[in-house]
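Numbered by the numbering used here, the letters in the sequence shown go through residues 3 to 168 in order.
The C-beta atom is built at its ideal place from N, Cα and C for all residues, glycine as well.
Remember, it's a predicted structure, so these values are computed and weren't measured experimentally.
A short worksheet on the structure shown next.
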Amino acid sequence: MIEAQILSTPAGPLALLSREGVLVAAGFTGDPHEMFERLSPALQAEGLERVDDLGHAAQAVRDYLDGDLKALDGVPVSQPGTPTRQRLLTALREVPAGTTITYAELAEHAGLPRTAARAAGSACAQNLIAPFVPCHRILPSTGGFGGYYYGTPVKQWLLDHEAKTR
Numbered sequence: 003m004i005e006a007q008i009l010s011t012p013a014g015p016l017a018l019l020s021r022e023g024v025l026v027a028a029g030f031t032g033d034p035h036e037m038f039e040r041l042s043p044a045l046q047a048e049g050l051e052r053v054d055d056l057g058h059a060a061q062a063v064r065d066y067l068d069g070d071l072k073a074l075d076g077v078p079v080s081q082p083g084t085p086t087r088q089r090l091l092t093a094l095r096e097v098p099a100g101t102t103i104t105y106a107e108l109a110e111h112a113g114l115p116r117t118a119a120r121a122a123g124s125a126c127a128q129n130l131i132a133p134f135v136p137c138h139r140i141l142p143s144t145g146g147f148g149g150y151y152y153g154t155p156v157k158q159w160l161l162d163h164e165a166k167t168r
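Right under this line is the structure:
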């Protein structure tokens, strides 16, 4: 069974979906079904149940909001992807809070050529576990915020929170 909890944050409601203590989805929405529908058919077959407290993952969000910017780093996550995508997702988790890098730099950090910036952008766009896999820390080399699945105001809030808390 996939367990879901909704947490209030200054950036809006955050849905957390967990399977046996491992986050399989997280995103800024008040409807956990939005995240559930993005999961693989195999995970969807397990069903979805709302719970009051997911424990460690929920506490990590509260700690992050209270200023412990490393709190999300210790939460186990799992999402599908090719070996290249997995390298990019791992590299994403290694970008320190309060810093930003470009898509090309993310590709380099993943051991891929700078020309893999497009693959890095695709990994960010399909990331199922925001902000635990912090795609909000990746910016286009041309400037600005670029896209963000949950909207640029959420991305800006996360970056501002990390910059002032750091």
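- The criterion of a C-beta distance shorter than 8 angstroms is not satisfied by LEU114 and THR92.
- Residues of the same chain with a CB within less than 8 angstroms of the CB of ALA121, apart from the 5 flanking positions on each side, are THR86, ARG87, LEU90, ALA109 and LEU114 in chain order.
- DSSP assignment within the region 74 to 107 yields no whole beta strand (DSSP E) run of 3 residues or more.
- SER124 and ILE8 have their C-alpha atoms some 26 angstroms from each other.
- Nearest to ALA17 by C-alpha distance, out of VAL26, VAL24, THR31 and THR144, is THR31.
- Straight-line spacing of the CA atoms in ARG21 and PRO142 works out to 33 angstroms.
- By the C-beta density criterion, HIS35 is exposed, having fewer than 16 other C-beta atoms within 10 angstroms.
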